[in-house]
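Using my numbering, read the sequence shown as starting at 230 and increasing by one per residue. Beta carbons: idealized from backbone N, C-alpha and C, even for Gly. Okay, so here's the structure we're looking at.
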Amino acid sequence: MYPPTTKSRANEDVLSSCELPPPSPSDETKTWVAIKCFNNRIFAGRLLNYENTKDMSEFFKYKEKLLHEKIDEYLSLHTLIKVAIGIRCDFIIKKSDTEVIDAFHFMLNLQHYDQTTEFASWYNDSLNKIIGRLDEFQQRGSNATLDKILCLELNIAKFDPMKGGTYIPLPKSVNDDSTKNEYYSYSGPDVAKWFVTKLKEIVNSIEEIYEIIIPIHMTEENERIFQSSTMCHICEKPFLEGQVKVRDHCHLTPLKTPQTSNFRGAAHESCNLNYKTANFIPVFFHNGFHYDFNCFIREMGYA
Ligand SMILES: [Zn+2]
């Protein structure tokens, strides 16, 4: 037979030589052989070539079902994943007057994989890439000839997107004038600068709204409620003798029709005076961690 296996790095695509037990008919042929996971890998395993085929397309066909099932299993758990496949093969390497057998590993790059990914075309793409790598390796003067396909490997990693946007519609009770509810998003250079500029723009437009004080408009029903009220709608305490009862109204609600009312209720004069529109605009950030929002805070310093 051949002399003992040597280690070599003949090609930059070849990550490492590997030591792998030869597939034998006694192997658990249909199950995954686990490989140690590292970094953000959530699965790493190999399917041995117990069919002993030397044809890469045929080999891929044999393993298609198991591989598809494994990817689907992790996709249902994580929604967004990255996957990569690779193969390990034995090559016969000619060296002057002798031949050695060496094992080589060809691994493709991790690719995003989600519910919209079409397995069949992704798998076929991967097969073509692997065949391309093998051809290239054999033609690069490495004097290597494929001897045996050892196994197919699958790596699955968690995919953490670096950007994301979420738009949650306001509840109807808050969003009574839907034209004021708008969604903005931006990705590109100077994100913090864009954000702060946009924020200033929004704040200015809100300030304009605050400056227009819409006069009170009451319906007959409002007036009836006002006259019969015995309790202040702001502090929820009764009107005592000597206290002035006033009509409280919202200064911002636009009067779209003659029937529109902006009356809020009967109130103590003092409560009504204290019940002012806020002179600040609340801004909420969520889901941050450590210095996530540092860039915005710093940018606000320049605004
Ligand atoms: Zn009151």
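Whole-Å CB distance - residue i paired with residue j, under 8 angstroms assumed
i, j, result
"S355", "L337", "6 angstroms"
"A496", "I445", "About 12 angstroms separates the two Cβ atoms, so there is no contact after all."
"Q344", "L304", "7 angstroms"
"I310", "A386", "7 angstroms"
"T482", "I443", "7 angstroms"
"K427", "Y413", "6 angstroms"
"Y352", "E293", "6 angstroms"
Euclidean distance between Cα positions of residue i and residue j
i, j, result
"N503", "L469", "18 angstroms"
"F288", "L296", "12 angstroms"
"I359", "V262", "21 angstroms"
"V475", "S490", "16 angstroms"
"F272", "L383", "8 angstroms"
"Q472", "F455", "15 angstroms"
"H341", "K299", "15 angstroms"
"T234", "H334", "Confidence at T234 is low in this model, with a pLDDT of 42, below 50, so the placement of that residue should be treated as unreliable; the coordinate-derived value is given next. In a straight line, the C-alpha of T234 is about 15 angstroms away from that of H334."
"L363", "R275", "19 angstroms"
"F320", "A332", "6 angstroms"
"E498", "C461", "9 angstroms"
"H515", "Y291", "48 angstroms"
"N501", "L484", "21 angstroms"
"N410", "C318", "59 angstroms"
"C247", "N357", "Its pLDDT being 44, under 50, C247 is placed unreliably by the model, and the measurement read from it follows with that caveat. Computed Cα separation, rounded: 23 angstroms."
"I330", "I322", "6 angstroms"
"D301", "G361", "27 angstroms"
"G315", "F513", "45 angstroms"
heavy atom of ligand 2 below 6 angstroms from residue i C-beta
i, result
"I316", "Questions concerning ligand 2 fall outside what the structure shown contains, since the ligands it does hold are ligand 1."
Neighbourhood of residue i by C-beta distance below 7 angstroms, restricted to the same chain and skipping five residues each side
i, result
"G530", "none"
"F388", "L309, I310, K311 and H341"
"N278", "P252, F288, I378, L379 and C380"
Nonlocal neighbours in the same chain, by C-beta distance under 6 angstroms from residue i, ignoring five residues either side
i, result
"S458", "A495"
"F348", "H297"
"I431", "none"
Residues near residue i by beta carbon distance below 8 angstroms, same chain, minus five either side
i, result
"Q488", "T448"
"R527", "A421"
"F424", "Y415, F525 and E528"
"R493", "H462, D477, H478 and C479"
"P467", "T459, M460 and C461"
Give the residues whose C-beta lies closer than 5 angstroms to at least one heavy atom of ligand 1, in chain order.
C461, I463, C464, H497 and C500
How about the region 372-389 and the region 275-287: do they share at least three Cβ pairs that are nearer than 8 angstroms?
yes
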